[in-house]
Amino acid sequence: MGENDSCRLIHINLSKFVENPFTDKAYINYSAIKDTAYMAMKLGDDLVDLECEAIDRIINVCDDPAEKAMWKDIYNVAVSGRRVGVGILGLADLLAKVNEVYGTSTSLDIIDEVMRTIMIGEIQATTDMARTRGIFPGYDEEKENIRFYELIHRIDQGSYYSLLKNKRRNLSFSTIAPTGSVAMLAQTSSGIEPTS
530 MGENDSCRLI HINLSKFVEN PFTDKAYINY SAIKDTAYMA MKLGDDLVDL ECEAIDRIIN
590 VCDDPAEKAM WKDIYNVAVS GRRVGVGILG LADLLAKVNE VYGTSTSLDI IDEVMRTIMI
650 GEIQATTDMA RTRGIFPGYD EEKENIRFYE LIHRIDQGSY YSLLKNKRRN LSFSTIAPTG
710 SVAMLAQTSS GIEPTS
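In terms of the working numbering, the sequence shown is residues 530 to 725.
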């Protein structure tokens, strides 16, 4: 994260996406995960606007020129990148609820599919918002990471072509934060860590 940028984190509690938990009929609702990731991105983008409104109010009452300049820079950085961080918690609980041991090859396949599903939801949201709300002002075609585009192409071709056509609304959007305090509040496992 760059200087004077904000950390706008949203956490998806993966433990809530298991149907018939702890039974032989347990399964992961990937469609609901994707929809939630999509909505989390839209919420995160809305948070950028709410933050900018609050910063604008501070700027309007600020008397100190140096402090005012700092707040204007914070505002410009927020608008320029529209950075969002959609992350997860409850991964270990999700695995337990589908009767899988954390760290097995099957659990790694599940984790791969969960993360792929989240990424598709995020990409679809940021490209849809780019089409309807506009791309982030700091977007620079020449600086776009080709490896990132190759990754998206491997993950989901529809998302890849949408990204090429519409660009994206947000400089960044996916993160894995520790989520310790949030996990305690949600009474689930933290981040991507296994439970002991």
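For glycine and all other residues, C-beta sits at the position ideal for the given N, C-alpha and C.
Exercise for the section: State the CB to CB distance for the pair T489 and S544, rounded to an integer number of angstroms; the pair is presumed to be in contact (CB under 8 Å). Expected result: This structure cannot settle anything about residue 489, because the visible part of the chain is limited to 530 through 725.
Problem - Element boundaries [beta strand (DSSP E), containing I539] - result: L538 to N542
Practice task
For the alpha helix (DSSP H) containing L576, list its first residue and its last residue.
Solution key: Y559 to V590
Practice task
Would you list the one or two residues that DSSP bridges to I705?
Solution key: BP columns for I705 are empty, so no partner.
Problem - Nearest to N695 (by Cα), restricted to the options Q653, I705 and A706 - result: Q653
Practice task
Between the Cα of K597 and those of V608, S609, A607 and I584, spot the shortest distance and give me the residue it belongs to.
Solution key: I584
Problem - Alpha-carbon to alpha-carbon, H682 and N628 - result: 32 Å
Exercise for the section: Select from R660, E651 and S701 the residue whose C-alpha is nearest the C-alpha of N674. Expected result: S701
Practice task
Pick out whichever of T661, R645 and L624 has its Cα sitting closest to the Cα of T635.
Solution key: L624
Handout entry: DSSP-derived helix/strand/coil call for Y556
Key = strand
Handout entry: 7 Å CB neighbourhood of N542 in its chain, flanking five on each side removed
Key = L618, G619, A715 and T717
Problem - Which of helix, strand or coil DSSP assigns to V613 - result: coil
Exercise for the section: Take R662 and list the residues in its own chain whose beta-carbon comes closer than 8 Å to its own, dropping the five residues that flank it on each side. Expected result: D574 and R698
Exercise for the section: Can you grab the Cα-Cα spacing for the pair M648 / S703, in whole Å? Expected result: 8 Å
Problem - Residue interval of the alpha helix (DSSP H) (run including N695) - result: Q686 to N695
Practice task
Pull up the distance between the alpha-carbon of V547 and that of I557, whole angstroms please.
Solution key: 5 Å
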